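Notes to accompany the following structure.
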Amino acid sequence: MRRTIRPLAALAVLSLALPAQSAPGGKLGTLPHGTYVCSTPGDAMGAPWNVIPDGEFTIDTASTYRTATGSGTYLLTDDRLVFTRGPLRGERFVRTGTTTLQRTDREGVPRRVRCVRGPSR
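For what it's worth, the working numbering labels the leading residue of the sequence shown as 87, then goes sequentially.
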(Lines of atoms letter the chains of each structure in order from A and count residues from 1; the text may use other names and numbers.)
(Lines give C-alpha, C1' and ligand atoms only; values in the text may rest on other atoms or scores of the structure.)
Protein backbone atom coordinates (compact mmCIF):
# COMPACT_ATOMS: atom_id res chain seq x y z
CA MET A 1 0.00 0.00 0.00
CA ARG A 2 2.76 2.40 0.95
CA ARG A 3 4.59 1.71 -2.35
CA THR A 4 1.49 2.81 -4.28
CA ILE A 5 0.85 6.01 -2.34
CA ARG A 6 4.34 7.52 -2.68
CA PRO A 7 4.43 7.51 -6.52
CA LEU A 8 0.88 8.88 -6.64
CA ALA A 9 1.78 11.64 -4.20
CA ALA A 10 4.85 12.50 -6.26
CA LEU A 11 2.74 12.69 -9.44
CA ALA A 12 0.23 14.94 -7.70
CA VAL A 13 2.98 17.34 -6.62
CA LEU A 14 4.51 17.39 -10.12
CA SER A 15 1.14 18.07 -11.75
CA LEU A 16 0.86 21.31 -9.76
CA ALA A 17 3.90 22.63 -11.62
CA LEU A 18 2.31 22.13 -15.05
CA PRO A 19 0.61 25.10 -16.75
CA ALA A 20 -3.20 25.06 -16.85
CA GLN A 21 -4.71 24.23 -20.23
CA SER A 22 -7.50 26.31 -21.75
CA ALA A 23 -10.80 24.87 -22.91
CA PRO A 24 -10.60 23.00 -26.24
CA GLY A 25 -12.53 25.74 -28.10
CA GLY A 26 -10.62 28.60 -26.51
CA LYS A 27 -10.89 30.78 -23.43
CA LEU A 28 -14.42 30.94 -22.00
CA GLY A 29 -15.94 34.34 -21.38
CA THR A 30 -19.12 36.36 -20.98
CA LEU A 31 -20.49 39.39 -22.80
CA PRO A 32 -21.07 42.78 -21.19
CA HIS A 33 -24.64 43.01 -19.85
CA GLY A 34 -27.08 45.16 -21.79
CA THR A 35 -29.30 45.31 -24.85
CA TYR A 36 -27.79 44.60 -28.27
CA VAL A 37 -29.58 46.08 -31.31
CA CYS A 38 -29.00 44.30 -34.64
CA SER A 39 -28.91 46.03 -38.02
CA THR A 40 -27.72 45.72 -41.62
CA PRO A 41 -25.68 48.30 -43.54
CA GLY A 42 -27.63 51.06 -45.26
CA ASP A 43 -26.63 52.93 -48.40
CA ALA A 44 -25.38 56.38 -49.38
CA MET A 45 -28.91 57.63 -50.09
CA GLY A 46 -30.45 56.68 -46.74
CA ALA A 47 -29.71 55.68 -43.21
CA PRO A 48 -26.23 54.29 -42.53
CA TRP A 49 -27.76 51.30 -40.68
CA ASN A 50 -31.16 49.63 -41.01
CA VAL A 51 -32.35 48.29 -37.67
CA ILE A 52 -33.81 44.79 -37.91
CA PRO A 53 -37.35 44.71 -36.44
CA ASP A 54 -37.39 42.44 -33.36
CA GLY A 55 -33.63 42.05 -33.86
CA GLU A 56 -32.52 42.86 -30.37
CA PHE A 57 -31.54 40.76 -27.38
CA THR A 58 -30.46 41.52 -23.84
CA ILE A 59 -27.48 39.86 -22.19
CA ASP A 60 -28.15 39.00 -18.55
CA THR A 61 -26.07 37.25 -15.89
CA ALA A 62 -24.51 33.78 -16.06
CA SER A 63 -24.30 33.48 -19.87
CA THR A 64 -28.03 34.02 -20.35
CA TYR A 65 -29.94 36.26 -22.73
CA ARG A 66 -33.55 37.23 -23.40
CA THR A 67 -35.57 38.41 -26.38
CA ALA A 68 -39.20 39.42 -26.86
CA THR A 69 -40.02 35.74 -27.50
CA GLY A 70 -38.10 34.04 -24.69
CA SER A 71 -34.75 33.45 -23.03
CA GLY A 72 -31.78 31.16 -23.48
CA THR A 73 -28.06 30.64 -23.00
CA TYR A 74 -24.93 31.38 -24.99
CA LEU A 75 -21.31 30.22 -25.13
CA LEU A 76 -18.46 32.69 -25.72
CA THR A 77 -15.07 31.13 -26.53
CA ASP A 78 -12.33 33.62 -27.35
CA ASP A 79 -14.17 35.94 -29.76
CA ARG A 80 -16.71 33.38 -31.05
CA LEU A 81 -20.28 33.51 -29.77
CA VAL A 82 -22.87 30.75 -30.22
CA PHE A 83 -26.39 30.86 -28.83
CA THR A 84 -26.92 27.37 -27.44
CA ARG A 85 -30.54 27.44 -26.18
CA GLY A 86 -33.64 29.54 -26.61
CA PRO A 87 -35.05 31.57 -29.49
CA LEU A 88 -31.61 32.39 -30.96
CA ARG A 89 -30.31 28.81 -30.74
CA GLY A 90 -27.73 28.13 -33.46
CA GLU A 91 -27.04 31.79 -34.28
CA ARG A 92 -23.32 32.54 -34.48
CA PHE A 93 -21.38 35.76 -34.14
CA VAL A 94 -17.80 36.94 -33.88
CA ARG A 95 -16.92 39.63 -31.36
CA THR A 96 -15.39 42.53 -33.29
CA GLY A 97 -15.17 44.97 -30.41
CA THR A 98 -16.07 45.37 -26.75
CA THR A 99 -19.70 46.11 -27.59
CA THR A 100 -19.98 44.92 -31.22
CA LEU A 101 -20.84 41.51 -32.70
CA GLN A 102 -20.98 40.43 -36.35
CA ARG A 103 -23.13 37.50 -37.46
CA THR A 104 -21.30 34.61 -39.13
CA ASP A 105 -22.33 31.40 -40.84
CA ARG A 106 -21.42 27.95 -39.49
CA GLU A 107 -17.96 28.15 -41.10
CA GLY A 108 -17.23 31.54 -39.54
CA VAL A 109 -17.72 33.61 -42.71
CA PRO A 110 -18.94 37.10 -41.73
CA ARG A 111 -22.47 38.14 -42.75
CA ARG A 112 -23.98 41.62 -43.11
CA VAL A 113 -25.75 41.73 -39.73
CA ARG A 114 -24.03 43.43 -36.83
CA CYS A 115 -25.30 43.89 -33.28
CA VAL A 116 -24.20 46.75 -31.04
CA ARG A 117 -24.75 47.10 -27.30
CA GLY A 118 -26.53 50.35 -26.58
CA PRO A 119 -26.38 52.56 -23.52
CA SER A 120 -27.88 51.25 -20.29
CA ARG A 121 -31.53 52.12 -19.80
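No residue lacks a Cβ here, since even glycine has one placed at the ideal position from N, Cα and C.
In this text the structure is predicted, and so the values were computed from the model without any measurement.
Whose C-alpha, out of 124, 131 and 144, is nearest the C-alpha of residue 189? Here the question's residue 189 lines up with position 103 in the sequence shown. Selected option, being the one with the closest Cα: 124.
Note down the Cα distance separating residue 135 from residue 111, rounded to an integer number of angstroms. If you number the sequence shown from 1, residue 135 lands on position 49. If you number the sequence shown from 1, residue 111 lands on position 25. For residue 135 and residue 111, the distance between alpha carbons rounds to 32 angstroms.
Considering only the beta carbon of each residue, do residue 147 and residue 121 sit closer than 8 angstroms? Position 61 of the sequence shown, counted from the start, is the residue given in the question as residue 147. Position 35 of the sequence shown, counted from the start, is the residue given in the question as residue 121. Not closer than 8 angstroms, so no.
Report buried or exposed for residue 194, applying the criterion of at least 16 other Cβ atoms within 10 angstroms of its Cβ. Your numbering for residue 194 matches position 108 in the sequence shown. The residue in question, residue 194, is exposed, as its Cβ has fewer than 16 Cβ neighbours within 10 Å.
When you compare only the Cα positions, how much space is there between residue 163 and residue 170? On the sequence shown, residue 163 is found 77 positions in, with the first residue counted as 1. On the sequence shown, residue 170 is found 84 positions in, with the first residue counted as 1. If I take the Cα positions, the gap works out to 12 angstroms.
Can you tell me which of the three DSSP states residue 157 falls into? As a first step, residue 157 is located in the sequence shown; it is residue number 71 there, counting from the start. DSSP places residue 157 in strand when its eight states are reduced to three.
In its own chain, which residues sit with a C-beta less than 6 angstroms from the C-beta of residue 128, not counting the 5 before and 5 after it? Within the sequence shown, residue 128 is the residue found at index 42, counting from 1. Counting only Cβ-Cβ distances below 6 angstroms, and skipping sequence neighbours, we find 134, 135 and 136.
Buried or exposed: which applies to residue 104, given that a residue is buried once 16 or more other Cβ atoms fall within 10 Å of its Cβ? Within the sequence shown, residue 104 is the residue found at index 18, counting from 1. With a pLDDT of 44 at residue 104, under the threshold of 50, the modelled position of this residue cannot be trusted; read the value that follows with caution. Under this definition residue 104 is an exposed residue.
Whole angstroms are fine: how far does the CA of residue 126 sit from the CA of residue 180? Position 94 of the sequence shown holds residue 180. Position 40 of the sequence shown holds residue 126. Whole-angstrom Cα-Cα distance: 15 angstroms.
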